[in-house]
Every structure is written in structure tokens, then in C-alpha cells.
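Some notes on the structure that comes next.
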Amino acid sequence: ADTFRKCFSQGEYTFVFTDKEGDGICCNHGEGLYVLSSEGKTISVGGEMQSEVETIPFELPFIEPDPVDEDKDGLDDRLGLMMPYDSSNMTEGVDCENFRLVILTDEYGLETTWELFEGNDKSGTLIANGGPYGSQYNHVISYCLASPNEYSLYMYDWDRRGLCCDSGEGWYSVSSGDIIIRDKNGQFGEVNVTRFVLPADGSAVFTDGPATLSPTSPPASLAPTVTPLLWTTLVPVVEKKTMYPTESLVTPPPSGSPTGSSVRQTASPTRTPTKGDQLDVSATDEEMTSFPNVTSNGLDEETIDKVTSAMDAAEENKGKEDGKDKDKDKEPER
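Everything in the sequence shown is counted per my numbering, starting at 5 for the first residue and increasing by one.
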């Protein structure tokens, strides 16, 4: 996984993700994905593409919209997560008990996902899930879960290294009211399971070990190949700023400082950047060998079109030259 992080002024932006082959970063060359976030709030999650370009318009500061399920499939139309657990017809302390999950992500928040089931394992009903997330942020998820009942929380890490300590000092904790079900801890492998009951009685059981990743989680292995992936350059325009693709591939800039917290997928920063809103782009794919340089170069849209045309022309000419070289190789010796 690779992360680009930078602060930008308030305004309207368009994130342009370009894949040269038009098949995205999932699923012909591995099951990669990208996460675009700001101050811990997820703007977009993607990876599957049907064309060479995918565009995501957004504003900074980013105000996360409420989940919406217009197609009535039980999932948020924007992020594909389950709709929030509905306890509107229950009363806390009577037929439901508070459940509070706090996650501090490490440097690769896109590798962190979770699922909550009724019962002792995945054979029960899936009632909530979350992730992937922005990196190095506190995320707080709070529900009033039906009680008395048994529950199983599955916490996944894509890279099988947990939340601590190879890529930062992340952790997660689980509590109900004043009772701590699982104290702050981020050391596990591919998956960590917390089995508990509500009302909480201190009898939680923790399991850490290899397990099949959930269908909503990214894959566990990403063996890179040598094929480069087109990424994005930030190109501010007069009123709208555009993140535009470039082919330059360089080492990523160092990760920024942790900030933020959220209720479900919302965040309140504990540190506010002094020069604008922080924007994070994380991505991983078998095609990616290094992270591209991202700059703000102030091009207008006319110049962008010229640059794009020049790149396309250069690529076309290169193809013609390669064809000529192959024809020469086929010519018989005299």
C-alpha cells in the first residue's frame, strides 16, 4: 500500500483516477483498491473501472453525507457498507446496551476493515461493518445493540500485521458503558476476533490467527509486478481544482501526523492543518511498483488538454516506432 498526503485550501476539487488499460486496479491484475479521505472522513473507495478515467468531485472541507440506500439493498450507496444498525425501537438499558468501537488506524488505514455478527462466529447474522479508513485517525463507532445477546467482532488487517507496530502504533478497543470489553491493543495478524455478550460481564474471549478474509475486505497478498500504474497530479484551475494523471513514478512523501475522530464514519480532528484541509490518497495494486509524484502546477484546462494530447500522441508514435522495429527484425538478410 502507498499513501499520498497533503494539505489543500478550501474549495471544489475533482479527483481523477486513470488506468491506462481501462480495467482499474481490480480485478484482472490482483484485487487492489484506493481510498480517498480528508481528516479521517472517507470521500471515496474504488478500484473497479469500466473505462480509463474515473472522476470523483468533492469539496474541502469535506462534510460526510448521511448513508443513503436508494436501491434498497441494505448497503450505503456511496461506500457500499451496511446501513447503520437501527435501534430506534429499543431503549438503552432495557432491551439494548451501548456498544462502542474505537479504532486508531496505522499508516495504512485502507488495510483495516471489520465486521460485527450476532452469535459466536460468522454463522450468525452480519449486523454492521466498516472500513477501509483514512490513515492515522481515530474512528469511533457507537450503537445500542439488542440485549441480552452474544456478538462476535472480526477485525481484519489486509497486510496481516495488525495495527501495531510495523506501520505505526494503531489499536482498537471495545467497551459498553463503563465496562471495557477489549482494552487498547493493535498487535495481531490477519484477523482478530472478540467474542462478547451484552450486557457486558467481563467474559470476552479473544482469538488471533490466520482466517479467510471477509468478502468486504481487501485480499491478503499483493505480489507486485513490474508494470507501472498511472496515478494523479493535482492541477488547480481557476475555480475548480483537478487531480490529473501523470506518469512520473517516485518514492512517496513521508506520512503526515495523526488527527481526527469519527462517529461511525464521521470525524472531528484533534489537530487542524494550518494551511488547509489534509487530503489522503491510499492505493494498492499488483501493477504498482512505486508511488508517483504529485504536484500542484497551476495549469488551466486548455493546457491540461494540450498535455494530455501530447502524451497520447507520444504514446501512439512510440507504438508506431515499436512496430517499425519489429518489421525490420523480420526482414530477410540479403
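Note that the Cβ used here is the ideal one computed from N, Cα and C, for glycine as well.
request  = With DSSP collapsed to three states, give me the class of G134.
outcome  = In this structure, G134 counts as strand in the three-state DSSP scheme.
query = With distances taken from CA atoms, which of S92, L157, D161 is nearest S139?
reply = Ranked by how close their Cα comes to the Cα of S139, the residues S92, L157, D161 have D161 in first place.
message = Can you check which of these residues, K76, P69, Y147, is closest to L105 by C-alpha distance?
response = Y147
task = Put E115 into one of helix, strand or coil per three-state DSSP.
result = Note: E115 maps to helix in three-state DSSP.
request  = Return the CA-CA distance between E35 and V98, expressed in angstroms with no decimal places.
outcome  = Those two C-alpha atoms are separated by around 44 angstroms.
inquiry  = Can you confirm whether the region 38-53 touches the region 10-21 when touching is taken to mean that 3 or more C-beta pairs between the two stretches lie within less than 8 angstroms?
reply    = Touching, yes.
query = C169 to V195, Cα distance in whole Å?
reply = 15 angstroms
message = Please return the same chain residues whose Cβ sits closer than 7 angstroms to the Cβ of P81, not counting the five positions on each side in sequence.
response = According to the sequence shown, residue 81 is Asp rather than Pro. Excluding positions up to five away in sequence, the list reads V72, D73, E74, D75.
inquiry  = Applying the 10 Å Cβ sphere with the 16-neighbour rule, what's the burial state of S127?
reply    = exposed
query = Between the region 197-205 and the region 149-166, are three or more C-beta pairs nearer than 8 angstroms?
reply = yes
key: Contacting residues, own chain, Cβ-Cβ under 7 angstroms from G135 (five flanking each side not counted)   = The beta carbon of G135 sits closer than 7 angstroms to the beta carbons of T116, T117, W118 from its chain, once the five residues preceding and following it are set aside; these are given in chain order.
inquiry  = Assuming I184 is part of the beta strand (DSSP E), what are its boundary residues?
reply    = 183-189
key: The beta strand (DSSP E) enclosing G50, as first and last residue numbers   = Under the DSSP assignment, G50 falls in the beta strand (DSSP E) whose first and last residues are 45-50.
DSSP three-state assignment for P61, whether helix, strand or coil = strand
Cβ distance (whole Å) where L114 is taken to contact S286 below 8 angstroms = 4 angstroms
query = Grouping DSSP H, G and I as helix and E and B as strand, with all else coil, what is V72?
reply = coil
inquiry  = For A150, list the residues DSSP reports as bridge partners.
reply    = Looking at the DSSP assignment, A150 forms a beta bridge with C100.
query = What do you get for V209, buried or exposed, if any count of 16 or more other CB atoms within 10 angstroms of its CB means buried?
reply = exposed
inquiry  = Within a Cβ cutoff of 6 angstroms, which residues of the same chain sit near T211, ignoring the five residues on either side of it in sequence?
reply    = V197
message = So, for P61: in the same chain, excluding its five sequence neighbours on each side, which residues have a beta-carbon less than 6 angstroms away from its beta-carbon?
response = T18
inquiry  = On the CB-based measure, 16 or more other CB atoms within 10 Å of its CB, does C100 come out buried or exposed?
reply    = buried
inquiry  = Suppose the cutoff is 7 angstroms on Cβ atoms and the five residues either side in sequence are ignored; what does the same chain contact list for G26 look like?
reply    = Excluding positions up to five away in sequence, the list reads M53, S55, E56.
ask   = Taking Cβ to Cβ, would you say R186 is nearer than 7 angstroms to S177?
value = yes
ask   = In three-state terms, what does DSSP make of Y89?
value = coil
message = Using a Cβ-Cβ cutoff of less than 8 angstroms, which residues in the same chain neighbour A132 once the five nearest sequence positions on both sides are dropped?
response = M86, P88, Y89, E119, L120, I145, Y147
inquiry  = Since A103 and L149 should fall inside the 8 angstroms C-beta cutoff, what is the C-beta to C-beta distance between them, to a whole number of angstroms?
reply    = Per the sequence shown, residue 103 should be read as Phe rather than Ala. Between F103 and L149 a beta carbon distance of about 5 angstroms is seen, short of the 8 angstroms cut, so the two are scored as contacting.
inquiry  = Assuming contact is defined by CB atoms lying nearer than 7 angstroms, are D110 and L37 in contact in what I supplied?
reply    = no
query = What is the C-beta distance between D284 and S41, in whole angstroms, given that I count them as a contact (C-beta under 8 angstroms)?
reply = 5 angstroms
ask   = Exposed or buried, which one is C31 when buried takes at least 16 other CB atoms within 10 Å?
value = exposed
query = Looking only at C-alpha atoms, which of L83, E173, R165 sits nearest to E68?
reply = L83
request  = Under the assumption that Y112 contacts S151 (Cβ atoms under 8 angstroms), give the Cβ distance between them as a whole number of angstroms.
outcome  = The C-beta separation of Y112 from S151 comes to about 35 angstroms, leaving the pair out of contact by the 8 angstroms criterion.
query = Going by beta carbon distance, what residues of the same chain come within less than 7 angstroms of G78, once the five residues before and after it are set aside?
reply = These residues qualify, in order along the chain: M86, M87.
ask   = Which partner residues of F121 appear in the DSSP bridge assignment?
value = F121 pairs with L130, S156.
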